[in-house]
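Peer 1: Here it is, the structure in full.
Protein chains: 2
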Amino acid sequence: MTALHHLRANAVILSVADEQPRVMTLPGTSALPAGDLVDDQDATLELALRRLVREQAGIDLGYVEQLYTFGDQARSPTGRTISIAYLALVDAGLAPAGREAAWLDCYQLFPWEDWRSGKPEIIDQELVPALERWVGDSALRRERVDITFGLSGSPWDGARVLDRYELLYEVGLVAEKGVDSGETVAGQVGVAMVSDHRRMVATGLSRIRGKLSYRPVIFELLSETFTLHQLQRVVEALAGVRLHKPNFRRLVERGGLVEGTGVAEQKTGGRPAELFRFRREVLRERPAPGVGLPSAR
Amino acid sequence: MTALHHLRANAVILSVADEQPRVMTLPGTSALPAGDLVDDQDATLELALRRLVREQAGIDLGYVEQLYTFGDQARSPTGRTISIAYLALVDAGLAPAGREAAWLDCYQLFPWEDWRSGKPEIIDQELVPALERWVGDSALRRERVDITFGLSGSPWDGARVLDRYELLYEVGLVAEKGVDSGETVAGQVGVAMVSDHRRMVATGLSRIRGKLSYRPVIFELLSETFTLHQLQRVVEALAGVRLHKPNFRRLVERGGLVEGTGVAEQKTGGRPAELFRFRREVLRERPAPGVGLPSAR
DNA sequence: TGTCTATTACTCGATGTGAGTATTAATAAT
DNA sequence: ATTATTAATACTCACATCGAGTAATAGACA
Numbered sequence: 418m419t420a421l422h423h424l425r426a427n428a429v430i431l432s433v434a435d436e437q438p439r440v441m442t443l444p445g446t447s448a449l450p451a452g453d454l455v456d457d458q459d460a461t462l463e464l465a466l467r468r469l470v471r472e473q474a475g476i477d478l479g480y481v482e483q484l485y486t487f488g489d490q491a492r493s494p495t496g497r498t499i500s501i502a503y504l505a506l507v508d509a510g511l512a513p514a515g516r517e518a519a520w521l522d523c524y525q526l527f528p529w530e531d532w533r534s535g536k537p538e539i540i541d542q543e544l545v546p547a548l549e550r551w552v553g554d555s556a557l558r559r560e561r562v563d564i565t566f567g568l569s570g571s572p573w574d575g576a577r578v579l580d581r582y583e584l585l586y587e588v589g590l591v592a593e594k595g596v597d598s599g600e601t602v603a604g605q606v607g608v609a610m611v612s613d614h615r616r617m618v619a620t621g622l623s624r625i626r627g628k629l630s631y632r633p634v635i636f637e638l639l640s641e642t643f644t645l646h647q648l649q650r651v652v653e654a655l656a657g658v659r660l661h662k663p664n665f666r667r668l669v670e671r672g673g674l675v676e677g678t679g680v681a682e683q684k685t686g687g688r689p690a691e692l693f694r695f696r697r698e699v700l701r702e703r704p705a706p707g708v709g710l711p712s713a714r
Numbered sequence: 418m419t420a421l422h423h424l425r426a427n428a429v430i431l432s433v434a435d436e437q438p439r440v441m442t443l444p445g446t447s448a449l450p451a452g453d454l455v456d457d458q459d460a461t462l463e464l465a466l467r468r469l470v471r472e473q474a475g476i477d478l479g480y481v482e483q484l485y486t487f488g489d490q491a492r493s494p495t496g497r498t499i500s501i502a503y504l505a506l507v508d509a510g511l512a513p514a515g516r517e518a519a520w521l522d523c524y525q526l527f528p529w530e531d532w533r534s535g536k537p538e539i540i541d542q543e544l545v546p547a548l549e550r551w552v553g554d555s556a557l558r559r560e561r562v563d564i565t566f567g568l569s570g571s572p573w574d575g576a577r578v579l580d581r582y583e584l585l586y587e588v589g590l591v592a593e594k595g596v597d598s599g600e601t602v603a604g605q606v607g608v609a610m611v612s613d614h615r616r617m618v619a620t621g622l623s624r625i626r627g628k629l630s631y632r633p634v635i636f637e638l639l640s641e642t643f644t645l646h647q648l649q650r651v652v653e654a655l656a657g658v659r660l661h662k663p664n665f666r667r668l669v670e671r672g673g674l675v676e677g678t679g680v681a682e683q684k685t686g687g688r689p690a691e692l693f694r695f696r697r698e699v700l701r702e703r704p705a706p707g708v709g710l711p712s713a714r
């Protein structure tokens, strides 16, 4: 009745710095913090993961949620390895770097996901041609490609990060194994990661993009106080789209998500902005408080 | 590097019959279909689960998605057991019963979740008093109870099924272990299930309630064709609320989710209703097509 | 012919959303 | 001091959607 399995936990730790979403890796590698779940000293899996990250990267995680459990046979040649992936969000200000942790730009992993300066050129130049070849005259493939990549009049759905990654993987455009460095491989798009770690990051980005509009997770990535401009930049970085400033401010203020502190700060050369903080009471007032991206409904 | 673990897969198989959401159990028990993940004959975990359900309950699952991985130490006294739970949706018409599978009414498990005939009496009569005692004068507990159960002016959020179950578990109102029959236990609310299976069902119900409004999952529970009335009843059963008929039809028709077949059927004694079918093209047209419940935004 | 059931049509106000434009406040350079 | 710069703040407006209510209609059955 007892089975032998290789059981691991992986951490997708995201933060936003310099208007770029980034994921923590172990220094010198393109691997996520991960470890075997071997001893039973932790009461819950989540606590085991927190301990693991503390030991490997030297930080105490705040927000943590379970992402997905990966267990396909193809993942390892000798027997099945089960990996339970977790998503963590950390404030860029508190995030360590250097000997303990390195940070990898998410849009180097998924260049097609950043639409902040318009549609990424890689889509029409590299992805679409390869996808079209793969489609051939299959109606099923046609529909799938149209939906996941917003072709043939379908809208681009920012939250389908994972769908797109999985499709590109099937098509053979993204590599998963046999790559230890963070280099780009010929014939492949984006920077690869060890094993299926890039797929885990895609899962995490999908999750958080979807969650942005109905849970106030964004504040996990910001300090206690922040300007509305900073808040908008962080949302834009994660969502991968530019937002209309007046509407964003209206949404977030009138929506009761933030409250001003009265204090003004910021020495960016222009007019100092007021500092805001997350308004916790919104949780009691609205069923699904989030920042609401365009066409995300 | 290799760890010994007890690894299992569980299936939360939902369907709606007679306007009641129900979950499949093994006949004579209050246990979900489940099994050890021991051999590596399946390429993916999901395939392993499908085979397991086929062997145990004799049905081939259609829609399947991974739910959550449970691995808290408290689950088993001797070493950790990891359970990967999956959610499956089956058409009530195709669902088997009898020797192979039994069906358990979800609202017997969670009587407080069915608001179709108004607020369930159990909430004010049993839950709230116990919750209030548990809160005491802790502001943290106060906030949590208010949000999860819609107290002190907070709205009731249908999708928080799991939050409510977990809170009731902490408070001691729902039992998890040592109960093999489906009977109600003194001092406890709702029908218990084996081990943490009821928690898995709560997770599944939470997931599908949340998903209703942005993914057309509801059609997995219906036959190829159906009347709008049937569709509404199934949505109401899952969501646990009554819906405004004219608005529902407008939403679902003008939203492009269904299309008429021209065929009229139904011999319920009144005017025959037109049969509709799911309109697949909506997937290409809208980013997040769903049935949109009231205040679900 | 009447009754029942359920479909179908219409209205109306409140709210939210996307988009655009204008104004103001403070800092830094000249 | 004055001006340019940067960004915050304020306002408008059309449009779609939503919640809620009311009314009319079509067919089956007794």
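Chains F and X supply the protein sequences, listed in that same order.
Okay, so the first sequence: first residue is 418 according to this note's numbering, each after it adds one.
Okay, so the second sequence: first residue is 418 according to this note's numbering, each after it adds one.
Even for Gly, the Cβ is constructed at its ideal location relative to N, Cα and C.
Remember, it's a predicted structure, so these values are computed and weren't measured experimentally.
Output needed in chain order: residues of the segment 509-524 of chain F with a Cβ under 8 angstroms from some Cβ in chain X.
Peer 2: Hits within the stretch: zero.
Peer 1: What's the C-alpha gap between residue 418 of chain F and residue 455 of chain X?
Peer 2: Low confidence applies here, because residue 418 of chain F scores a pLDDT of 39, under 50, leaving its location unreliable and the question unanswered by this model.
Peer 1: Does the segment 609-616 of chain X come close enough to the segment 653-672 of chain X to have 3 or more Cβ pairs within less than 8 angstroms?
Peer 2: With the cut-off at 8 angstroms, the segment 609-616 of chain X and the segment 653-672 of chain X do not touch.
Peer 1: Evaluate the contact criterion for the segment 697-706 of chain F versus the segment 474-483 of chain X: three or more CB pairs, one atom per stretch, below 8 angstroms.
Peer 2: Segments in contact, no.
Peer 1: Using the beta-carbon of each residue, which ones in chain F are nearer than 8 angstroms to residue 486 of chain X?
Peer 2: Under the 8 angstroms cutoff, chain F gives 462, 483, 486 and 501.
Peer 1: So residue 497 of chain X contacts chain F; which residues on that side make the cut at Cβ distance below 7 angstroms?
Peer 2: The answer, in chain order, is 457.
Peer 1: Using DSSP bridges, identify the partner residues of residue 519 of chain X.
Peer 2: X:442, per the DSSP bridge assignment.
Peer 1: Can you name the residues that DSSP bridges to residue 483 of chain F?
Peer 2: Residue 483 of chain F pairs with F:503.
Peer 1: So is residue 624 of chain F buried or exposed if we call it buried at 16+ other beta carbons inside 10 Å?
Peer 2: Residue 624 of chain F should be labelled buried.
Peer 1: By a C-beta neighbour count over all protein chains shown, 10 Å radius and 16 as the cutoff for buried, is residue 432 of chain F buried or exposed?
Peer 2: Buried.
Peer 1: Give me, in chain order, the residues of the same chain whose beta-carbon lies closer than 6 angstroms to that of residue 598 of chain F; leave out the 5 immediate sequence neighbours on both sides.
Peer 2: Below a pLDDT of 50, predicted positions are generally treated as unreliable, and residue 598 of chain F, at 49, falls in that range; no measurement from the model is reported.
Peer 1: Near residue 425 of chain F, what residues of its chain come up, given a Cβ to Cβ distance below 8 angstroms and the 5 sequence neighbours on each side ignored?
Peer 2: Within the same chain, residue 425 of chain F has close Cβ partners 451, 452, 453, 454, 498, 499, 500 and 501.
Peer 1: Using a Cβ cut-off of 9 angstroms (strictly closer), state whether residue 697 of chain X contacts chain F.
Peer 2: True, the Cβ-Cβ gap to chain F drops below 9 angstroms.
Peer 1: Sort F:513, F:457 and F:503 by Cα distance to residue 423 of chain X and report the nearest one.
Peer 2: Here the closest residue by C-alpha is F:457.
Peer 1: Could you give the residue range of the alpha helix (DSSP H) that holds residue 665 of chain X?
Peer 2: Start and end: 662-671.
Peer 1: Could you compute how far the alpha carbon of residue 713 of chain F sits from the alpha carbon of residue 516 of chain X?
Peer 2: Interpretation of residue 713 of chain F is limited by its pLDDT of 47, a score under 50 that renders its predicted location unreliable; the figure taken from the coordinates is listed afterwards. The alpha-carbon atoms of residue 713 of chain F and residue 516 of chain X are separated by roughly 45 angstroms.
Peer 1: Check whether the Cβ of residue 672 of chain F lies closer than 9 angstroms to any Cβ atom in chain X.
Peer 2: So, not an interface residue.
Peer 1: Tell me whether residue 697 of chain F is buried or exposed, calling it buried when 16 or more other Cβ atoms sit within 10 Å of its Cβ.
Peer 2: The residue is exposed, with fewer than 16 neighbouring Cβ atoms inside 10 Å.
Peer 1: Can you give the Cα-Cα distance for residue 522 of chain F and residue 439 of chain F, rounded to whole angstroms?
Peer 2: Using only the alpha carbons, I get a separation of about 4 angstroms.
Peer 1: On a CA-only basis, which of F:447, F:628 and F:559 is nearest residue 570 of chain F? Give me that one, please.
Peer 2: Nearest of F:447, F:628 and F:559 to residue 570 of chain F, Cα basis: F:559.
Peer 1: Compare the beta carbon distance of residue 512 of chain X and residue 441 of chain X with 9 angstroms and say whether it is the shorter of the two.
Peer 2: Cβ atoms of residue 512 of chain X and residue 441 of chain X: closer than 9 angstroms.
Peer 1: By the three-class DSSP mapping on this structure, what secondary structure does residue 471 of chain F have?
Peer 2: If DSSP states are grouped into helix, strand and coil, residue 471 of chain F belongs with the helices.
Peer 1: Residue 678 of chain F and residue 642 of chain F - do their beta-carbons sit closer together than 9 angstroms?
Peer 2: Taking 9 angstroms as the Cβ cut-off, residue 642 of chain F and residue 678 of chain F qualify as a contacting pair.
Peer 1: Using the rule of at least 16 other Cβ atoms within 10 Å of the residue's Cβ for burial, across every protein chain shown, is residue 587 of chain F buried or exposed?
Peer 2: Label assigned to residue 587 of chain F: exposed.
Peer 1: Just tell me which of X:448, X:486, X:574 and X:660 has its CA closest to the CA of residue 518 of chain X.
Peer 2: Ranking X:448, X:486, X:574 and X:660 by Cα distance to residue 518 of chain X puts X:448 first.
Peer 1: Does the CB of residue 576 of chain F have a neighbour CB from chain X at under 9 angstroms?
Peer 2: For residue 576 of chain F, the answer is yes, since a Cβ of chain X falls inside 9 angstroms of its Cβ.
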